[in-house]
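Numbering (my numbering), first residue to last: 1 to 278.
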């Protein structure tokens, strides 16, 4: 009697470069238009369309942010819309914070990461609906208290960057506007400049921990870089009111999509635990 060997399980095929490029292009457009790294939507897109868990999606998104932030900040800088000295103080805190956030990323349970990220999205959407920035604002005056505040802001941004795979612009842009009196365009340009060292620091830590998909991050990052130039042009065309409402709507959509997925995964995990106990 001939024995039948069990079928060999198929290996998961790598995600197509076209799908990764589309994810990056969406993130890059948002990066240039709203002064964020693009990770706020790249993370849920990596989860939904690249089959990544929350941890790998956050780490890969942060890697893709690096070239995007460089391209976007250069474009804003050429228009005179980057405050370099404040950016340096915030970046100093951001480098330390992103290292701490990346360490937390490897240690926190995936369930916690999902719901913390959703809570962040909801908080950002509410903030954007309550505050509409001005297009023109006074020059930033640097004193000891302001400098301490900027370093502290960078620390918070860095932790969010390393933990959630976002560049930190979601916190930075409104903070620059509300607490330091920047215009919306200068806040966006300065935010992108700060993201460069912050994202690099977090990505190095994630790469050492083996939680980042460098191939996906590279493909998405190149596509995001190309799209970021169009995003900057869009930022100059949109009024502050339209910019605020559009981005708030996108954030809400991302929060709903992730919530549905988190609930499904939670039910699946509970069912699997029940079957193991039985």
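Even for Gly, the Cβ is constructed at its ideal location relative to N, Cα and C.
query: How far does the alpha helix (DSSP H) with residue 191 in it reach, from first residue to last?
result: Here residue 191 is taken as the residue at index 191 of the chain shown, counted from 1. For residue 191, the enclosing alpha helix (DSSP H) starts and ends at 184-209.
query: Cβ of residue 28 within 8 Å of Cβ of residue 227?
result: Counting from one through the chain shown, the residue named residue 28 turns up at place 28. Counting from one through the chain shown, the residue named residue 227 turns up at place 227. Result yes, Cβ atoms of residue 28 and residue 227 sit closer than 8 Å.
- prompt: Could you give the distance in angstroms between the alpha-carbon of residue 119 and the alpha-carbon of residue 233?
  reply: Translated into the one-based positions of the chain shown, residue 119 becomes position 119. Translated into the one-based positions of the chain shown, residue 233 becomes position 233. So the two alpha carbons sit approximately 30 Å from each other.
message: Assess contact between the region 97-104 and the region 215-227, defined as three or more Cβ pairs (one per stretch) separated by less than 8 Å. Is contact present?
response: Using a C-beta cut-off of 8 Å, the region 97-104 makes no contact with the region 215-227, since fewer than three inter-stretch Cβ pairs fall below that distance.
query: Apart from the five residues just before and just after residue 93, which ones in its own chain have a Cβ nearer than 7 Å to its Cβ?
result: Within the chain shown, numbered from 1, the residue matching residue 93 stands at position 93. Close CB contacts of residue 93 within its chain, under the 7 Å cut and outside five residues either way in sequence, are with 151, 152, 153, 154, 155, 158 (chain order).
field: Secondary structure of residue 305, DSSP reduced to three states
entry: Residue 305 falls outside the range modelled here, since the chain spans only 1 to 278, and no answer is possible.
field: Through-space distance from residue 46 to residue 6, alpha-carbon basis
entry: Locating residue 6 in the chain shown gives position 6, where the first residue counts as 1. Locating residue 46 in the chain shown gives position 46, where the first residue counts as 1. Below a pLDDT of 50, predicted positions are generally treated as unreliable, and residue 6, at 43, falls in that range; no measurement from the model is reported.
task: Output yes or no for whether 8 Å exceeds the beta carbon distance between residue 198 and residue 95.
output: Taking the first residue of the chain shown as position 1, residue 198 is located at position 198. Taking the first residue of the chain shown as position 1, residue 95 is located at position 95. Their beta carbons are under 8 Å apart, which means residue 198 touches residue 95 by this criterion.
query: If we call anything under 8 Å between Cβ atoms a contact, is residue 195 one with residue 65?
result: Numbered from 1 along the chain shown, position 195 holds the residue referred to as residue 195. Numbered from 1 along the chain shown, position 65 holds the residue referred to as residue 65. Their beta carbons are under 8 Å apart, which means residue 195 touches residue 65 by this criterion.
query: Where does residue 31 fall in DSSP's three states?
result: On the chain shown, residue 31 is found 31 positions in, with the first residue counted as 1. Note: residue 31 maps to helix in three-state DSSP.
query: In whole angstroms, what separates the C-alpha of residue 267 from that of residue 275?
result: Here residue 267 corresponds to residue number 267 of the chain shown, with the count starting at 1. Here residue 275 corresponds to residue number 275 of the chain shown, with the count starting at 1. Straight-line Cα distance between these residues: approximately 12 Å.
message: According to DSSP, is residue 47 part of a helix, a strand, or is it coil?
response: Within the chain shown, the letter at position 47 stands for residue 47. In this structure, residue 47 counts as helix in the three-state DSSP scheme.
Residue nearest to residue 70 in terms of C-alpha spacing, selected from 170, 187, 175, 200: Within the chain shown, the letter at position 70 stands for residue 70. Selected option, being the one with the closest Cα: 200.
message: For residue 191 and residue 210, which I take to be in contact (beta-carbon distance under 8 Å), what is that distance rounded to the nearest angstrom?
response: Residue mapping note: residue 191 aligns to position 191 of the chain shown, counting from 1. Residue mapping note: residue 210 aligns to position 210 of the chain shown, counting from 1. Contact doesn't hold; Cβ gap of about 29 Å is too wide.
message: Nearest by alpha-carbon distance to residue 82: which of 180, 272, 212, 186 is it?
response: Taking the chain shown and counting its residues from 1, one reaches residue 82 at position 82. Check the Cα spacing between residue 82 and each of 180, 272, 212, 186: the tightest is with 186.
query: For residue 98, does the three-state DSSP call read helix, strand or coil?
result: By 1-based counting over the chain shown, the position of residue 98 is 98. Reduced to three states, the DSSP call for residue 98 is helix.
message: On the CB-based measure, 16 or more other CB atoms within 10 Å of its CB, does residue 184 come out buried or exposed?
response: Here residue 184 corresponds to residue number 184 of the chain shown, with the count starting at 1. Residue 184 should be labelled buried.
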